[in-house]
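Protein chains: 2
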Amino acid sequence: MKKLYLKDVARELNVSKTAVSLVLNGKGDENKISYDTQQKIINFAKKHNYIPNQLARGLSRGKSETIGLIIPNISDTFYSKVAGVIERKAKEKGYTVLFSSSYEDPKTEGELILSMLNRQVDGLIIASTQQNKKEIEFLKKEKFPFVLFDRYYPENETDYVIVDNFYGTKKVTEHLLNLGRKKVGFITLKPGLEPIAQRLMGYKEALKAHNLTSKETYVKEIGREEYFSEVEKAIIDLTAREQAVDAIVFSTHYLASQGLRVLKKLNLKVPDDVAIVSFDELSAFDIVEPPVTSVVQPVNEIGYSVIEILLNKIGSTVKTEFQTRVLKTKLEIRSSCGSFLST
Amino acid sequence: MKKLYLKDVARELNVSKTAVSLVLNGKGDENKISYDTQQKIINFAKKHNYIPNQLARGLSRGKSETIGLIIPNISDTFYSKVAGVIERKAKEKGYTVLFSSSYEDPKTEGELILSMLNRQVDGLIIASTQQNKKEIEFLKKEKFPFVLFDRYYPENETDYVIVDNFYGTKKVTEHLLNLGRKKVGFITLKPGLEPIAQRLMGYKEALKAHNLTSKETYVKEIGREEYFSEVEKAIIDLTAREQAVDAIVFSTHYLASQGLRVLKKLNLKVPDDVAIVSFDELSAFDIVEPPVTSVVQPVNEIGYSVIEILLNKIGSTVKTEFQTRVLKTKLEIRSSCGSFLST
DNA sequence: TTAACTTACTAAATCGGTTTAGTTTATTTT
DNA sequence: AAAATAAACTAAACCGATTTAGTAAGTTAA
Chain U
1 MKKLYLKDVA
11 RELNVSKTAV
21 SLVLNGKGDE
31 NKISYDTQQK
41 IINFAKKHNY
51 IPNQLARGLS
61 RGKSETIGLI
71 IPNISDTFYS
81 KVAGVIERKA
91 KEKGYTVLFS
101 SSYEDPKTEG
111 ELILSMLNRQ
121 VDGLIIASTQ
131 QNKKEIEFLK
141 KEKFPFVLFD
151 RYYPENETDY
161 VIVDNFYGTK
171 KVTEHLLNLG
181 RKKVGFITLK
191 PGLEPIAQRL
201 MGYKEALKAH
211 NLTSKETYVK
221 EIGREEYFSE
231 VEKAIIDLTA
241 REQAVDAIVF
251 STHYLASQGL
261 RVLKKLNLKV
271 PDDVAIVSFD
281 ELSAFDIVEP
291 PVTSVVQPVN
301 EIGYSVIEIL
311 LNKIGSTVKT
321 EFQTRVLKTK
331 LEIRSSCGSF
341 LST
Chain G
1 MKKLYLKDVA
11 RELNVSKTAV
21 SLVLNGKGDE
31 NKISYDTQQK
41 IINFAKKHNY
51 IPNQLARGLS
61 RGKSETIGLI
71 IPNISDTFYS
81 KVAGVIERKA
91 KEKGYTVLFS
101 SSYEDPKTEG
111 ELILSMLNRQ
121 VDGLIIASTQ
131 QNKKEIEFLK
141 KEKFPFVLFD
151 RYYPENETDY
161 VIVDNFYGTK
171 KVTEHLLNLG
181 RKKVGFITLK
191 PGLEPIAQRL
201 MGYKEALKAH
211 NLTSKETYVK
221 EIGREEYFSE
231 VEKAIIDLTA
241 REQAVDAIVF
251 STHYLASQGL
261 RVLKKLNLKV
271 PDDVAIVSFD
281 ELSAFDIVEP
291 PVTSVVQPVN
301 EIGYSVIEIL
311 LNKIGSTVKT
321 EFQTRVLKTK
331 LEIRSSCGSF
341 LST
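Sequence lines, in order, name chains U and G.
With UniProt numbering, you'll find the first sequence wraps up at 343, consecutive numbering, no jumps.
With UniProt numbering, you'll find the second sequence wraps up at 343, consecutive numbering, no jumps.
Structural data, given as structure tokens:
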């Protein structure tokens, strides 16, 4: 069972490579290949399981039927879920996906972008570190199809899909305030990413709307590398002080998970001593103790939108408007905030 | 900033394409290209950011520097974690990974294997549905480099990396028995996958070693699609009966999560009414209530082993022995089994 | 001083497809 | 019956690299 090439099929059937190629690509009719010849070719190809070499195909057609996916980390549940839906949708349309994690490193991300380009991907999907403006500008200038998600470049016009981070934290912070919490802390990542900035602003906005000034000391910014220990320090600082907080908003699911661990360790009761809330969620958040109220991101919709926009871009040569979508989050109320405090 | 091709570099420098190609592939010395010419080429390429087209490169070299990863579901934490380490290690060696989920469908998996082959991947990593013996045999016959993990074909000699599923459940079941539990239920998937079969056998073996016969009615086999409701039915059946179980072993992390949900809903106390244990774990298992004792799989080691074996295969032309690795699991004891029962 | 090596390159074939620009034969149209 | 049109193909160029098989000029050896 030797590997079968186009020329073998052609030779066996006494037709030209051209005929075989045209027919197998569904261009037989428009090129007036007779019905009989077409059947002959199709049957032979099917019977002998001929599959074209995609490298050769891609090379000569200038496209690879592949899309590149660059995300911070495939092991993070949020990204792995989005990757799952992107992959499924892409496959439906005949695309395969090449993925790579940047691990939040701009240099790695930049290299990945170039590497994917030279692998001739037909389009790129990037959840960027937001530190590669140059590469993004390059892609735009080359009119290369790409869509950003989760993180985008506010100062550069591009296609992107994000969620309403601002409104998400605003809503959940208000939820806490409406339940009677007065001193709400915010544990988040060090600045640099747009969604993180938006989440912080949403939190502040909620406080302002309730005529509370957001004390800087209630906001704790954590470095990603050492987040385990830093969350612990932050919580100790927020709770073991004169004006201890009675609620904490965590800006990511992993900060919230770690927060819960630390609170248990410190023997602080949730929600009695301190209520907590998480932006983004973990599938186990309904069975942790207590179940964590969270702002859930519409993972499926994110994936669908991204693929839809990208494939539209790839399909059309005419320059279209930039497509941007800001999707709604959903507030999933569980018991980590308790019910209304009488105080 | 037009795209730069090999021939452009050659023309600009007044040398042949051959020279450029040789030099940029580090074969300048062995082909006696003078030092000056080499420097000239290297500098120009670097300065103008020349990157070879990988499709063309792959086509002419007959390899693509790409490896294919086929798993049941990229959104499952276990697979996304393994995928993460595989990708990281692969990148270190200059490979990119093309991934696709089979969603446990043998037909999809078969198509994916062929699709990856014709995309000229240099090797394949598969966590198989175990229903594609034909394709696996085909790969072997073609001497195509591939490594199975998580699931393998016991009747076909291949390279593979698995964990000791049998010993894992045996150990954890014994753990329950040693704590004084007498009636241990087992909630698992419908048969068909080797690891699942091994886990069941480990469970039975532990009972036998304690002179308990494993009652068939204590074993519940769940269909994957409707597992949410089926786990509920299974638990009701195991607990609301004459001889109710006092412990349940779940054979996967998602069965265990759902089990915990159901037990809460039924108001059964864990571990007082029933102890539980999970094979494979979720990162939040330490903060759920109660924290779940689980058999943890060495995710990193799995990924490392798989890549190591695969790259060895790819690198060597000589036929080597099949490499098989059975990695140890680790028992992570938390409070979902309680402590010793006095009864 | 000429044959035999080296050195430093290059032309052209090749990888396996797609596609453009024809070609040949049969059929209509005038 | 000649010109025009259509039907059913095919030869060869091309995609952008790698690689084989040379070649020309300069050195060394006999």
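All C-beta atoms in this analysis are idealised placements derived from N, C-alpha and C, irrespective of residue type, glycine included.
Taking the Cβ atoms as the reference, threonine 96(G) lies roughly 21 Å from serine 60(U), outside the contact range of under 8 Å. The beta carbons of asparagine 267(U) and valine 85(U) sit no closer together than 8 Å.
Assignment of beta strand (DSSP E) within the stretch 176–221 of chain U, counting only whole runs of 3 or more residues, yields 184–189 in chain order. In the pairwise beta carbon analysis, the stretch 42–55 of chain U is classified as not touching the stretch 223–236 of chain U: fewer than three pairs are separated by under 8 Å. The straight-line gap separating the alpha-carbon atoms of threonine 77(U) and leucine 4(G) is approximately 39 Å. Taking a Cβ-Cβ threshold of 7 Å, none of the residues of chain G is close to aspartate 164(U); the smallest such distance is about 23 Å. Interface residue (Cβ-Cβ distance to chain U less than 8 Å): threonine 96(G) is classified as such. Close partners of isoleucine 74(U) in chain G (Cβ separation under 7 Å): Ser80, Ala83, Gly84 and Glu87. For the pair of segments examined, the stretch 327–338 of chain G was found to touch the stretch 273–291 of chain G: the number of CB pairs separated by less than 8 Å reaches three.
Following the DSSP letters along the chain, one finds alanine 56(U) inside the alpha helix (DSSP H) bounded by residues 54–61.
Within the stretch 143–176 of chain U, no residue has a Cβ lying closer than 9 Å to any Cβ of chain G.
Put simply, the backbone Cα of isoleucine 74(G) is about 19 Å away from that of serine 305(G). For the C-beta of valine 288(G), the chain U residues within less than 7 Å are, from N- to C-terminus, Ala284, Ile287, Val288 and Glu289.
Exclusion of the five residues before and after histidine 48(U) leaves Leu4 and Val9 as the residues of its chain whose Cβ lies within less than 8 Å of its Cβ.
One thing to note: valine 277(G) has its Cβ within 8 Å of the Cβ of phenylalanine 250(G). Annotation: tyrosine 5(U) is outside any beta strand (DSSP E) and is labelled neither H nor E by DSSP. Within the same chain, Cβ atoms closer than 6 Å to the Cβ of valine 147(U) are found at Ile125, Asp159, Val306, Ile309 and Leu310, the five residues on either side in sequence being excluded. At a cut-off of 8 Å between beta carbons, alanine 234(U) makes no contact with chain G. Taking 8 Å as the Cβ-Cβ cut-off, the stretch 252–283 of chain U approaches chain G at Ser257, Leu260, Arg261, Lys264, Leu282 and Ser283, given in chain order. Residue contact with chain U for asparagine 118(G): present (Cβ-Cβ distance below 8 Å to some residue of chain U). Per DSSP, the continuous alpha helix (DSSP H) segment holding glutamate 109(G) begins and ends at 106–118. Under the Cβ distance rule, leucine 55(G) counts among the residues neighbouring chain U, one pair being separated by less than 8 Å.
If you look at leucine 327(G), you'll find it in the beta strand (DSSP E) that goes 324–327.
Think of a sphere of 8 Å around the beta carbon of serine 64(G): the chain U residues whose beta carbon falls inside it are Leu55, in chain order. The criterion of a C-beta distance shorter than 8 Å is satisfied by leucine 200(U) and valine 219(U). Under the three-state reduction of DSSP output, threonine 18(G) falls in the helix class. Interface annotation, phenylalanine 99(U): in contact with chain G, CB-CB separation under 8 Å.
With respect to tyrosine 79(U), isoleucine 67(U) sits apart: the two C-beta atoms are not nearer than 8 Å. Isoleucine 67(U) carries a strand assignment under DSSP once its states are collapsed to helix, strand and coil.
Straight through space, the alpha carbons of alanine 209(G) and valine 161(U) are spaced by roughly 57 Å. Only buried fits tyrosine 254(G), as 16 or more other CB atoms lie within 10 angstroms of its CB.
8 Å or more divides the Cβ of isoleucine 42(G) from the Cβ of leucine 13(G).
Using a 10 angstroms sphere on the CB of glutamate 109(U), the tally of other CB atoms reaches 16 or more, which defines it as buried. The stretch 166–176 of chain G makes contact with the stretch 321–333 of chain G: 3 or more CB pairs, one atom from each, lie closer than 8 Å. When C-alpha distances from isoleucine 187(G) are compared across Ala234(G), Ala240(G) and Lys32(G), the shortest belongs to Ala234(G).
Per DSSP, the continuous alpha helix (DSSP H) segment holding lysine 265(U) begins and ends at 253–265.
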